[in-house]
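Scroll down for the structure; my scribbles are underneath it.
Residue numbers (this note's numbering): 37 to 203.
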């Protein structure tokens, strides 16, 4: 993962707060990353408060300054890109995914139906009249037509003197 150095920072002698201008720390910096300050020293990132504020330790040891160049290096032993993408998904879809948890963790199909409030109902029964309309029995079978109007099943497979056919 590349080092992050977009924008500039303001730092204050003996303060843990680093304030950025033109930065997106919340999307590009993680707790545990290394911050190279304008003084050339290395610090550990201890908090990512927002897109423009991070905290470091030890407190900044150089002179108070603003509009300064800096760098943040990802040094943790995990795959940072994978972690970033997972965090993005969790932030965007966390509440939605939490809503499907009861039936997603069901031990079997019957338990899942119960968690969904279907009780012993099968999906076909829940469809009402259209369940029979689209059942396997109504799709496969004899196909016919009378006066240009088709009737019967949707697909017919058979054989005659000319060989096998599907219509």
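Don't be surprised by glycine CBs; every beta carbon is placed ideally from N, CA and C.
Since the structure is predicted, the reported quantities are computational estimates derived from the model, not experimental observations.
Please report the residue range of the beta strand (DSSP E) in which residue i lies.
| i | result |
| --- | --- |
| residue 109 | 107–109 |
| residue 92 | 89–93 |
| residue 125 | Unbroken run through residue 125 is the alpha helix (DSSP H), 116–135; no beta strand (DSSP E). |
| residue 194 | 193–196 |
| residue 96 | No beta strand (DSSP E) holds residue 96; DSSP gives it neither H nor E. |
Please identify the residue among the options whose C-alpha is closest to the C-alpha of residue i.
| i | options | result |
| --- | --- | --- |
| residue 108 | 182, 63, 133 | 63 |
| residue 103 | 41, 130, 190 | 41 |
| residue 188 | 179, 194, 196, 125 | 179 |
| residue 38 | 142, 131, 149, 117 | 117 |
| residue 89 | 132, 58, 119 | 58 |
| residue 93 | 52, 121, 100 | 52 |
| residue 105 | 120, 122, 71 | 71 |
Compute the beta-carbon to beta-carbon distance between residue i and residue j, rounded to the nearest angstrom, for a pair I have assumed lies under 8 Å.
| i | j | result |
| --- | --- | --- |
| residue 112 | residue 66 | 7 Å |
| residue 49 | residue 96 | 6 Å |
| residue 175 | residue 185 | Their Cβ separation, rounded to whole angstroms, is 18 Å, which puts residue 175 and residue 185 out of contact at 8 Å. |
| residue 32 | residue 54 | With the chain covering 37 to 203 only, the question about residue 32 has no answer from this structure. |
Is the beta carbon of residue j closer than 7 Å to that of residue i?
| i | j | result |
| --- | --- | --- |
| residue 56 | residue 47 | no |
| residue 91 | residue 61 | no |
| residue 73 | residue 98 | yes |
Can you name the start and end residues of the alpha helix (DSSP H) that residue i belongs to?
| i | result |
| --- | --- |
| residue 149 | 145–151 |
| residue 63 | 61–64 |
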